[in-house]
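One structure below.
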Amino acid sequence: MDRPRLADAEQRMSGQSKGIFNRLYKSAEKAEDLPWHEADPPVALVKALDQRATPGRALDIGCGAGTYSIYMAERGYRVTAIDFMPQAVAILKNRLEGSELAIEPEQADVGTWTTDKPFDVILDVGCLHTPGTIKYAAYKRQLLNWLAPGGDFILTHFGSRGWWDWWPIGPSRVPVDKLRRLFAPELELVEDLSEKRGNMPLFMGGSALIGHYWFRRRA
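Per numbering that gives the first Met the number 0, the sequence shown starts with residue 0, numbered consecutively.
Encoded structure:
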């Protein structure tokens, strides 16, 4: 990935988001040091992989420290893991030392990254809902370039419980209906596995609706 494209990504990302990620990754040496780390994969991802006949190619967008990339590779998938943060890619590469898992980590801009061959499964846990990362319409164009017909798209995105569910800090909160309209007609929502979660930081409102969505591209 060339430097001008990464510079474009840095210009898009909000100053708040850049500051938060730089600060958190600066103090993190391993995946468990990151505040959003969860060892268990999203249930939507587990269900989607369970129904696929054979493993194929998978893309992890905004892979972070690569916990879910490793999960998919352990299930037999050939995984490409991309993240804008060089520290995230470095942590994942360290985790893969001595491993034979089929994972290719790459520092990349989600807005400009391309592939020669489509993916059977695409996972996004926290990329799309990060303020300033990429406009939704541009994200959809990229997604359609990456995802094979009949492929599964798993998205974790903060949901919205109503007009009042908005905070100036933290991930964007979007109703599931807006996401369904965004990805239609090419993708259909297979299952909504959202969960209400308490014990969130007070600056994020103390609680949130965490959307776990399983989409499938029409064949």
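C-beta: ideal position from N, C-alpha, C; glycine also.
For residue 176 and residue 124, the gap between their C-alpha atoms comes out near 19 Å.
Here residue 118 is not near residue 188, since their CB atoms are 8 Å or more apart. Remark: three or more beta-carbon pairs, one from each stretch, lie closer than 8 Å, so the segment 53-70 and the segment 78-92 are flagged as touching. For residue 157, the secondary structure class from DSSP, reduced to helix, strand or coil, is strand. Going by beta carbons, residue 99 and residue 80 fall outside the 8 Å limit. Note: residue 78 is bridge-paired with 57, 102 in the DSSP secondary-structure output.
The residue from 53, 73, 54, 133 with its alpha-carbon nearest to that of residue 83 is 133.
In the three-state scheme derived from DSSP, where H, G and I count as helix and E and B as strand, residue 148 is classed as strand. Contact check for residue 77 against residue 56 passes: the beta carbons are separated by less than 8 Å.
When DSSP states are grouped into helix, strand and coil, residue 209 belongs to the strand group. Excluding residues up to 5 positions away in sequence, nothing lies with its Cβ nearer than 6 Å to the Cβ of residue 142 in the same chain. Beta-bridge pairing by DSSP links residue 185 to no other residue.
Bridge pairing for residue 180: absent [DSSP]. Between residue 72 and residue 121, the C-beta gap is not smaller than 8 Å, which leaves the two residues out of contact. Cβ atoms of residue 156 and residue 212 come within 8 Å of each other, at about 7 Å. By alpha-carbon distance to residue 115, the top candidate from 183, 39, 144, 50 is 144. Across the structure, residue 214 and residue 91 are spaced so that their CA atoms are roughly 26 Å apart.
Sequence-distant Cβ neighbours of residue 74 in its own chain, meaning closer than 8 Å and more than five residues away, are 48, 54.
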